[in-house]
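The working numbering applies: residue 1 is where the sequence shown begins, and numbers increase by one.
We treat Cβ as the ideally placed atom computed from N, Cα and C, and that holds for glycine.
A short worksheet on the structure shown next.
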Amino acid sequence: MEMKIEDACIEIVQGDITREQVDAIVNAANSGLRGGGGVDGAIHRAGGPAIMEECRKLGGCDTGDAKVTTGGNLAARYVIHAVGPVYRNGKHGEADLLASCYRRSLELALQHGCTSVSFPAISCGVYGYPIPEAAAIAVRTVKAFLKSNRGIIYVRFVLFSEDVRRTFEDALNEARES
Ligand code: ADP
């Protein structure tokens with residue numbers, strides 16, 4: 001499924017983000033940038049040790065922020081390590097922090113000359129963010145960014161499971177009307 005925004009396009013697909021042929025893929029990292037399970041583990045496994053070598057030099061990353069490394073052996077030139085919030089009850093600034101992750105990732109992608117970026121469902125795994133809320137924030141934030149910035153022409157949400165993919169599609173459909 002896709003949506004056009006100005007000269008750009010948001011696309012939602014189901015798949016493994018490590019296989020994406022884009023300029024940058026975004027990692028759902030932790031604040032230590034130490035690697036871990038889920039999509040983080042998959043990216044480090046597929047990309048090889050060069051990514052962790054760079055991560056070690058970055059001194060961690062605040063929640064809501066992002067940092068860039070090489071893509072190592074991946075087809076993507078860069079990995080943008082974004083640190084999403086751990087969801088508690090929604091009253092700890094989680095929504096703003098999650099939106100900030102998407103915005104910072106796109107800002108960094110632009111700064112590095114990327115025109116295509118793929119995102120996973122940040123915070124939607126072990127960090128426990130309710131998927132419908134996270135999907136709405138993700139789609140809304142990316143849409144707003146593409147409306148007010150030129151340069152990135154292709155943003156893909158690459159969702160691992162069918163239910164998460166469907167939930168993101170629902171969010172994209174709702175965003176069409178707003
Ligand atoms: P977080 O700690 O931010 O919650 P997780 O890695 O636990 O991050 O989960 C984020 C999302 O990434 C989940 O929806 C999970 O199913 C998904 N995921 C796991 N592996 C991959 C992969 N290889 N490609 C894309 N998405 C993935």
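- When DSSP states are grouped into helix, strand and coil, H92 belongs to the coil group.
- About 6 Å separates the beta carbons of I152 and L110, which is inside the 8 Å limit, making them a contact pair.
- By the neighbour-count criterion, in which 16 or more other beta carbons inside 10 Å mark a residue as buried, V126 falls on the exposed side.
- Residue H81 holds the alpha-carbon nearest to the alpha-carbon of V68 among K57, A76, H81, R56.
- Beta-bridge pairing by DSSP links A8 to I5.
- By the neighbour-count criterion, in which a residue is buried when 16 or more other Cβ atoms sit within 10 angstroms of its Cβ, R165 is buried.
- Residue selection by CB proximity (closer than 6 Å to any heavy atom of the ligand ADP) returns D16, I17, T18, A28, G38, V39, D40, A42, G84, P120, A121, I122, S123, C124, G125, V126, Y127, V158, F160, S161, V164 in chain order.
- With 16 or more neighbouring CB atoms inside 10 Å of its own CB, E20 falls in the buried class.
- For N27, DSSP records a beta bridge to H81.
- For R34, the closest C-alpha among the options I25, M52, G93 is that of M52.
- DSSP places Q21 outside both helix and strand once states are collapsed to three, so it counts as coil.
- Within the same chain, and ignoring the five residues on either side of A29 in sequence, the residues whose Cβ sits closer than 7 Å to its Cβ are D40, C61, H81, A82, V83.
- Residue range 131 to 148 is occupied by the alpha helix (DSSP H) that includes L146.
- The Cβ atoms of G47 and N73 sit closer than 7 Å to each other.
- Here Y154 is bridged, per DSSP, to C9, S116.
- The closest CA to that of A66, considering only C101, G15, M3, G38, is found on C101.
- The beta-bridge partner set that DSSP reports for A66 consists of A82.
- A residue is called buried when at least 16 other Cβ atoms come within 10 angstroms of its Cβ; S161 does not meet this threshold and is exposed.
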